[in-house]
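**Q** Going by my numbering, the first residue of the sequence shown is number 6, and it counts up by one from there.
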Amino acid sequence: MSPVLAGVLQLLALVAALGLSYRPLGDHMARVYSSEKHLRPEKWIYKAIGANPSVEMRWPAYLRGVLAFSAVSVLFLYLLQRLQGSLPGSLGFVSIDPDQAFNTAASFVANTNWQSYYGEQAMGHVVQTGGLAVQNFVSAAVGIAVAVALVRGFARSRTGELGNFWSDLVRGTVRILLPISVIGALVLVACGAIQNFSGIHEVGQFGGGTQQWNGGAVASQEVIKELGTNGGGYFNANSAHPFENPNGLSNLFEIYLILVIPFALTRTFGRMVGSIKQGYAILGTMAAIWIGFTALMMWTEFAGNGPAFDIAGGAMEGKETRFGIAGSSLFSVATTLTSTGAVNSFHSSYTGFGGGLTMLGMQLGEIAPGGVGSGLYGMLIMAVIAVFIAGLMVGRTPEYLGKKIGTREIKFAACYILVTPALVLCFTAASFVLDTPSHSMTNSGAHGFSEILYAFTSGANNNGSAFAGLNADTQWFNSTIGIAMLLGRFLPMVFVLALAGSLAEQAPVPETAGTLRTEKPLFTGLLVGTIMIIAGLTYFPALALGPLAEGLAA
6 MSPVLAGVLQ LLALVAALGL SYRPLGDHMA RVYSSEKHLR PEKWIYKAIG
56 ANPSVEMRWP AYLRGVLAFS AVSVLFLYLL QRLQGSLPGS LGFVSIDPDQ
106 AFNTAASFVA NTNWQSYYGE QAMGHVVQTG GLAVQNFVSA AVGIAVAVAL
156 VRGFARSRTG ELGNFWSDLV RGTVRILLPI SVIGALVLVA CGAIQNFSGI
206 HEVGQFGGGT QQWNGGAVAS QEVIKELGTN GGGYFNANSA HPFENPNGLS
256 NLFEIYLILV IPFALTRTFG RMVGSIKQGY AILGTMAAIW IGFTALMMWT
306 EFAGNGPAFD IAGGAMEGKE TRFGIAGSSL FSVATTLTST GAVNSFHSSY
356 TGFGGGLTML GMQLGEIAPG GVGSGLYGML IMAVIAVFIA GLMVGRTPEY
406 LGKKIGTREI KFAACYILVT PALVLCFTAA SFVLDTPSHS MTNSGAHGFS
456 EILYAFTSGA NNNGSAFAGL NADTQWFNST IGIAMLLGRF LPMVFVLALA
506 GSLAEQAPVP ETAGTLRTEK PLFTGLLVGT IMIIAGLTYF PALALGPLAE
556 GLAA
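1) Would you please state the rounded distance, in angstroms, between the beta carbons of Leu369 and Ala540? I believe it to be under 8 Å.
2) I'd like to know whether the C-beta of Thr305 is nearer than 8 Å to at least one C-beta of chain D.
3) Could you tell me which of Tyr355, Tyr405 and Val13 sits nearest to Gly556, measuring between CA atoms?
4) Here's the rule I'm using: 16 or more other beta-carbon atoms within 10 Å means buried, otherwise exposed. How should Gly360 be labelled?
5) Can you tell which of Val501, Pro103 and Asn57 has the C-alpha that lies nearest to the C-alpha of Gly383?
6) Closer than 6 Å by C-beta to His206: which residues in its own chain qualify, once you throw out the five before and the five after it? Chain order, please.
7) Could you give the C-beta distance for Glu371 and Asn243, rounded to a whole number, given that I count them as a contact under 8 Å?
8) Please list the terminal residues of the continuous beta strand (DSSP E) segment that includes Gln368.
9) With three or more beta-carbon pairs closer than 8 Å as the criterion, would you say the segment 422-435 touches the segment 450-465?
10) Just how far apart, CA to CA, sit Met291 and Glu41?
11) Assuming Gly560 and Glu524 are in contact, meaning their beta carbons sit under 8 Å apart, how far apart are those beta carbons, in whole angstroms?
12) Name the DSSP beta bridge partners of Asn57, please?
13) I'd like to know if the segment 244-255 and the segment 341-349 are in contact, where contact means that at least 3 CB-CB pairs between them fall below 8 Å.
14) Which of the three DSSP states is assigned to Glu207 in this structure?
15) For Ser78, count neighbouring Cβ atoms within 10 angstroms of its own Cβ and tell me buried if that reaches 16, exposed if not.
16) Taking the straight line between their C-alpha atoms, what separation do you get for Arg45 and Ile149?
17) Quick check on the burial criterion: 16 or more other C-beta atoms within 10 angstroms. Buried or exposed for Val60?
18) Got a sec, what are the start and stop residues for the alpha helix (DSSP H) Trp565 sits in?
19) Given that a residue counts as buried once 16 or more other Cβ atoms are within 10 Å of its Cβ, and exposed if not, what is Gly97?
20) Determine the DSSP secondary structure at Met446, reduced to helix, strand or coil.
21) Nearest to Ser337 by CA position, among Ile422, Gly357, Leu362 and Asn201, is which residue?
22) Select from Gly474, Ser280, Val399 and Met387 the residue whose C-alpha is nearest the C-alpha of Gly407.
23) Hey, could you find the ends of the beta strand (DSSP E) Asn118 is sitting in?
24) Can you tell me whether DSSP reads Tyr285 as helix, strand or coil?
25) What first and last residue would you give for the alpha helix (DSSP H) that runs through Gln480?
26) My guess is that Gly366 and Thr425 are in contact by the Cβ rule of under 8 Å, so how many angstroms apart are they, rounded?
27) Just mark Val228 as buried or exposed, buried being the case when its beta carbon has 16 or more other beta carbons within 10 Å.
28) Express the C-alpha separation of Ala503 and Met62 in angstroms, rounding to a whole number.
29) Can you tell me whether DSSP reads Arg63 as helix, strand or coil?
30) Does the beta carbon of Leu16 fall short of 7 Å from some heavy atom of the ligand FMN?
31) Determine the contact status of Gly236 and Ser470, defining contact as a CB-CB distance below 8 Å.
32) Whose C-alpha, out of Ser334, Arg276 and Ala308, is nearest the C-alpha of Gly297?
33) Can the beta-carbon of Ala110 be found closer than 8 Å to that of Ser144?
34) Since Cys196 and Phe258 are thought to touch, with beta carbons under 8 Å apart, how far apart are those beta carbons, to the nearest angstrom?
35) In or out: Leu17 buried (at least 16 other Cβ within 10 Å) or exposed?
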């Protein structure tokens, strides 16, 4: 079987698995966030934290809940790392330095999971399991909660109430993420991923010498890292490490975990707003971009000139032979079009255009299908922008799902789409203006520029993957990327929740003959075009200096 055919078959199998999961999972999540009943374990949690899950919140109160919970999480994870040297189960590792502890705490709470350290050489069992793995669950649940609050803003009328943050947080963790993670961890263990609390083993190497191997609760952390679109690896090699991702079957399963909730949330959206067709329109937009990026990535990585390309069957540098070009391309597109950031190959070794695609996937806003929750609310913001543009073209007041998109709403949407590019481009520019940061680059020229552009693109978009080649474990990058991660995560949430509150207060607008049919393929095409134009106009100059220049020079 040719590698190209194998890649096509993997893609078809993945689409089939996602299709089978779409309806049951999407409907289940709609029931979870619409139910008025509380499970007994959930009641225990509410009592422990002193929350009343039945009290509805307006958007400022909902936002305060998000920010307060996240601030406490950052502080807890920071202190856990700073005290690691005094904790049991630390495997003899010392406490983490202040700048790196801040960077890691900000990273995992912001659902970014950017890592400027070697996991197997820095973090013991307590920090990995009691700190990082816990944040993998709750940071993902926060993202889903904010998305659900925005959906309620579209679904509700004449009220500013968006639900209860504490109830949404707990339900997302207990009823959605935990059950799937238990099953997924068993699948990964069956595939060969390790799951233990053993210490450090010193083993002999072929040809002499020794090597240290760590044990750990890897499978359980691996599954939520992918399912929650987190991405932080137990080991420095991340999902290229055989303990995390042993073979082609586990690789395909991990890609499935990355995509299943973000795609299924479009079904949840359709259920909650009372129109399944609206959910299909959003799904169609996400799927069109994802399939397009996957096809382009496979083409650019399989196509190549020269003896090395011919012998290897494509651009195999930086890729694991057990996954090949197809498995690596599928994974890289899935992880950069979502906020996952896990890697099973090194993006710095991709072709110039291939590396550019990984960056562009993040720069679109990670909305195809995006992170858990963040992908849906990002896509709905873009839908608001697309409706506004369509309204300008025909001279009508724009409407979406029975709500008018007025001055206030479009300001919130515009602020949302401006935050992340401002962070990425300003921090990238500062890194080249100052003398010290540029010394962290392994390469010079266009590829060196891509290293730093990728780092801030990944951090501000809450992705967390690394281009490789950049020494990010410096005070400058630990601090600035940490700030970019926090602002890139929580500033957009302010505008999302403010928009949700504004929409929920409106009275429904009756549909007329002139109303734009947002469930039709025409709107899906308009939405895809809007996304590509906004991202292209914003990032094209920076991409032209990096991956495009490198690709054209090859």
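A virtual CB, placed ideally from N, CA and C, is assigned to each residue, including glycine.
**A** Result, derived from the coordinates:
1) That pair is a contact at about 5 Å.
2) Looking for chain D here will not work: only one protein chain is present.
3) Comparing alpha-carbon positions, the option among Tyr355, Tyr405 and Val13 lying closest to Gly556 turns out to be Tyr355.
4) Flag for Gly360 reads buried.
5) Val501 is the residue among Val501, Pro103 and Asn57 whose C-alpha sits nearest the C-alpha of Gly383.
6) The answer, listed in chain order, is Trp218.
7) The pair is not a contact, with the Cβ atoms about 18 Å apart (cut-off 8 Å).
8) For Gln368, no beta strand (DSSP E) run applies; the uninterrupted alpha helix (DSSP H) run containing it begins and ends at Gly357 to Gln368, by DSSP.
9) These segments touch.
10) Cα to Cα, Met291 sits roughly 31 Å from Glu41.
11) Only positions 6 to 559 of the chain appear in this structure, which leaves residue 560 out of reach.
12) As far as DSSP is concerned, Asn57 takes part in no beta bridge.
13) At 8 Å Cβ cutoff, the stretches touch.
14) Residue state, collapsed to three classes: strand.
15) Buried is the label assigned to Ser78, since at least 16 other Cβ atoms lie within 10 Å of its Cβ.
16) Answer to the nearest angstrom: the Cα atoms are 22 Å apart.
17) Answer is exposed; the Cβ neighbour count stays below 16.
18) Here the chain has residues from 6 to 559 only, and residue 565 is not among them.
19) Counting Cβ neighbours within 10 Å, Gly97 comes out exposed, since fewer than 16 surround it.
20) Met446: strand per DSSP, three-state reduction.
21) It is Leu362.
22) Ranking Gly474, Ser280, Val399 and Met387 by CA distance to the CA of Gly407 puts Ser280 first.
23) Where Asn118 is concerned, there is no enclosing beta strand (DSSP E), given that its DSSP letter is neither H nor E.
24) Note: Tyr285 maps to helix in three-state DSSP.
25) Looking at the DSSP string, the run of the alpha helix (DSSP H) that includes Gln480 is Gln480 to Glu510.
26) Gly366 to Thr425, Cβ: 13 Å. No contact.
27) Answer is buried; the Cβ neighbour count reaches 16.
28) Straight-line Cα distance between these residues: approximately 12 Å.
29) Three-state DSSP puts Arg63 in a strand.
30) Absence of the ligand FMN from the depicted structure is noted, as is the absence of any ligand whatsoever, leaving it without description.
31) Yes, the Cβ-Cβ distance between Gly236 and Ser470 is below 8 Å.
32) Checking every option, the nearest Cα to that of Gly297 belongs to Ser334.
33) Contact flag unset, no.
34) Taking a contact as a CB-CB distance under 8 Å, the pair Cys196 and Phe258 counts as one, their CB atoms being some 7 Å apart.
35) Classification for Leu17: exposed.
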